[in-house]
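So for the sequence shown, the numbering used here puts the first residue at -1; every next one is plus one. Reading through the structure tokens given below for one structure.
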Amino acid sequence: MTKSATAIVLLTMAIVLTGCATSRVHFEQPAGARLLLEPTGYQSAGKEYELPTAIDLPQKDSPMSINSDSGGRPIRMVLSDDTKLKGYLYVYRLDMDQLEKLAEVTFRLTDEQISKIKKGDAVTIIGYSARKRPVYKVNVGLDR
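See the structure below:
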């Protein structure tokens, strides 16, 4: 193989392997709820999941700051009592170290938070890495 062919193969492999960084989030509560991740600019269809489940979420187009609410991915959730929720999911750009990769990042919507939502309030849930760095944020409220 020539040097230029080898360089092309190595460059192609680097591009393929680099891809889009993801963060795995374990959606645990409320069990039995259905979560719909709306399609983004690079997906043709949304994806639906039943909790509990683990999802590798792309960090693409994420805001740089936890205080920013720009660039979120629309989500919908249907609870087991058919209460419909909607909101936005933000996945932050984060180069995790080995400890952070081994620890689970979880999403839990508690009964207390669900009660607030049913009363008309919005709720913000933030998931942190093992080193207390923000991995994701979800702003969610009642879908009226």
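Beta carbons: idealized from backbone N, C-alpha and C, even for Gly.
With 16 other Cβ atoms within 10 Å as the buried cut-off, status of residue i
| i | result |
| --- | --- |
| residue 37 | exposed |
| residue 30 | exposed |
| residue 100 | exposed |
| residue 97 | exposed |
Rounded separation between residue i and residue j - CA only
| i | j | result |
| --- | --- | --- |
| residue 83 | residue 33 | 9 Å |
| residue 21 | residue 117 | 32 Å |
| residue 25 | residue 142 | 23 Å |
Cβ shell of residue i (< 8 Å), same chain only, five flanking positions each side left out
| i | result |
| --- | --- |
| residue 27 | 49, 50, 105, 106, 107, 108 |
Contacting residues, own chain, Cβ-Cβ under 7 Å from residue i (five flanking each side not counted)
| i | result |
| --- | --- |
| residue 94 | 127 |
| residue 71 | 35, 36, 38, 86, 87 |
Contacts around residue i, its chain only, beta-carbon distance under 6 Å, and the 5 residues preceding and following it disregarded
| i | result |
| --- | --- |
| residue 140 | 115 |
| residue 79 | none |
| residue 164 | Given that the chain is displayed from residue -1 to residue 142, the structure contains no residue 164 and the question cannot be resolved. |
| residue 45 | 35 |
Note to self: Contact between the region 87 to 97 and the region 126 to 134 is defined here as three or more beta-carbon pairs at a separation below 8 Å; is this criterion met?
What the structure shows: yes
Secondary structure, beta strand (DSSP E): runs of 3+ residues fully inside the region 67 to 115: 71 to 76, 82 to 89, 104 to 106
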